[in-house]
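The listed protein sequences correspond, in order, to chains Y and Z. Adding 121 to a residue's 1-based position in the first sequence gives its number in the working numbering. Adding 121 to a residue's 1-based position in the second sequence gives its number in the working numbering. Report on the structure given below.
Number of protein chains: 2
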Amino acid sequence: MSDDWIFRFQGLSRLPDRIKGILATRSQVIRMRKGTVIFGPGNSPENLLFLLDGTVRVQQLAENGREIVLYRVQAGESCVMTTACLLAYEDYSAEGVAETDITAAAIPRTVFDDLISQSKEFRTFVFSAYSRRITDLFHVIEDIAFQRMDIRLAQKLLALGQGGVVKATHQQLAAELGTAREVISRQLSEFQRRDWIKQSRGTIEVLDAGSIARLAGTEAA
Amino acid sequence: MSDDWIFRFQGLSRLPDRIKGILATRSQVIRMRKGTVIFGPGNSPENLLFLLDGTVRVQQLAENGREIVLYRVQAGESCVMTTACLLAYEDYSAEGVAETDITAAAIPRTVFDDLISQSKEFRTFVFSAYSRRITDLFHVIEDIAFQRMDIRLAQKLLALGQGGVVKATHQQLAAELGTAREVISRQLSEFQRRDWIKQSRGTIEVLDAGSIARLAGTEAA
DNA sequence: CTGCTTTGGTGACATGGTCACTGAAGACGC
DNA sequence: GCGTCTTCAGTGACCATGTCACCAAAGCAG
């Protein structure tokens, strides 16, 4: 298998050749289909995964069927933390799902440990990944605890809206924000009443991004 | 300064002598008074702290004055993550406060890096600490997003109730759970109406721990 | 076209958060 | 002791959010 992927990893491209060699020879590139559950309750993978291509969504499930997206792992980021985390403590109700078809490099734990011990750059890379996750989680907590739903929804629409169109069902948006579908439906109805959006089944067309950004508090930026 | 503290650190007592030596000689034991803000917006300490004695509360503040406790760092645990985290990314609205008088070992980042690279046991210790924090945050998110307030308050009363008495104001309980004082007052009034507790200024006496545990869902345990 | 599944809409109600204000309990100075 | 001040707790009105039950419309499969 080619070791090209090492060079696409942000933060890893300047590693010493010796480290790159270890990464390239002792990892295995694997592919998974969109929708695959990569880890979940009672199911942590043996190896650590570095995501080379695609996106992984990490979400928390509740008994009553509600769910919330905790964060996403993008290509070029490491999945390390999630797996290390679930390994260290008992299995948990969070799960990671391939949001697209994905490609990943699987690295045995022992190799990961070697790399941590031998490369300062690798350590920086891994600790940055952890830090990023934790600040992501801080943001999520701040949002659910203190922010109004209309504002959170406006922010989400802007974040998802590529080319002014959001392709998502109300249920999916509810899961993103950890709320109920009806709440999303009502908020979107209100947005539509103000002519900020136009809804059709499964898609939301953003008509007035300015007003939405103003509500989201993103106006200054 | 004595290096006794190394032996009190869970997970560190079996480190190679060489590593213990580094910890003992290259760290500095410091003390802080109860209430000291250890880190906060725009204020990350230079060194990493290992908490030797006392408790540190890490909380998130909102603009409107509301707050929520994210987790606590106990003696014998590492503060590493919080500081590493705040270093890696821009300053954030979370802060760490000494909940008691505390004693800590301050370790320069370079020494920390040396230790990580040289000791497998130290790596395990640090990664376990990170993992613990992340699972703590998962729990907080699950709670705020999905759990009813009466249940959360019941759990908190049981967790805080030493000898059947909780010494806390309604405002403090509200901050623990990330809600408003009025909400706590109403819930406690209801608990009192059911003769589960008896309230007086600043303290709550638990009269019927069984009923509270039943509400909290802790009964089976 | 017909029936099925998914998606979205709605009203009624329960819970939680905000605001404005009140009163009670302890702290402090005298 | 007595007044004053500050902190803490109680309350009603109102708005925001979550839950439940149910219906209607849009797409899909046969």
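Virtual Cβ for every residue (Gly too), placed ideally from N, Cα, C.
Candidates the options, of which the one nearest residue i by Cα
i	options	result
L170/Z	E297/Z, S321/Z and A225/Z	A225/Z
D234/Y	V177/Y, G217/Y, N168/Y and E297/Y	N168/Y
F312/Y	Q293/Y, Q276/Y, A296/Y and L182/Y	Q276/Y
L328/Z	G282/Z, F267/Z and G217/Z	G282/Z
R273/Z	R315/Z, L294/Z and E184/Z	L294/Z
I140/Z	Q292/Z, Q308/Z and I228/Z	I228/Z
G217/Z	S240/Z, S199/Z and R193/Z	R193/Z
W317/Y	N164/Y, G331/Y and G299/Y	G331/Y
A337/Z	R269/Z, E303/Z and R307/Z	R269/Z
G299/Y	S306/Z, S321/Z, R307/Z and I262/Z	I262/Z
Cutoff 8 Å: residue i Cβ touching any chain Z Cβ
i	result
V261/Y	yes
K141/Y	no
I228/Y	no
Q181/Y	yes
R273/Y	no
D329/Y	no
K277/Y	no
Y251/Y	yes
R269/Y	no
P137/Y	no
K241/Y	yes
Through-space distance from residue j to residue i, alpha-carbon basis
i	j	result
A341/Y	E242/Y	A caution first: A341/Y carries a pLDDT of 41, below 50, which makes its placement in the model unreliable, though a value can still be read off. One C-alpha to the other measures close to 36 Å.
S310/Y	E326/Y	13 Å
D271/Y	H260/Y	17 Å
I333/Y	F267/Z	27 Å
G323/Z	Q292/Z	10 Å
A289/Z	I265/Z	20 Å
A250/Z	K319/Z	38 Å
W303/Z	L258/Y	According to the sequence as given, residue 303/Z is Glu; it is not Trp. The alpha-carbon atoms of E303/Z and L258/Y are separated by roughly 27 Å.
S240/Y	Q195/Y	23 Å
G197/Z	G156/Z	19 Å
Q149/Z	G142/Z	13 Å
L144/Z	D138/Z	10 Å
G284/Z	P166/Z	37 Å
A183/Y	N164/Y	17 Å
R307/Z	S199/Y	45 Å
F321/Z	N185/Y	In the sequence under discussion, the amino acid at residue 321/Z is Ser, which differs from the Phe named in the question. Cα to Cα, the separation comes out at about 37 Å.
R314/Z	I305/Y	36 Å
Test item: CB-CB of residue i and residue j under 8 Å
i	j	result
V286/Y	L278/Y	no
E220/Z	V177/Z	yes
G175/Z	I223/Z	yes
I237/Z	R244/Z	yes
R187/Y	A301/Y	yes
V232/Z	R147/Z	yes
R254/Z	I255/Y	yes
L173/Z	Q181/Z	no
A280/Y	I189/Y	no
A215/Z	V179/Z	yes
CB contact check: residue i to chain Y, cutoff 8 Å
i	result
A266/Z	yes
A295/Z	no
A342/Z	For A342/Z, the pLDDT reaches just 40, beneath the cut-off of 50, and the residue's location in the model is therefore unreliable, leaving the point undetermined.
A215/Z	yes
G299/Z	yes
R322/Z	no
S310/Z	no
L258/Z	yes
R254/Z	yes
L191/Z	yes
I159/Z	no
K319/Z	no
I237/Z	yes
R244/Z	yes
L336/Z	no
Residues bridged to residue i [DSSP beta-bridge criterion]
i	result
G217/Y	F160/Y and V179/Y
I189/Y	Q181/Y
M270/Z	DSSP lists no partner for M270/Z.
T224/Z	R152/Z and D174/Z
L169/Z	I228/Z
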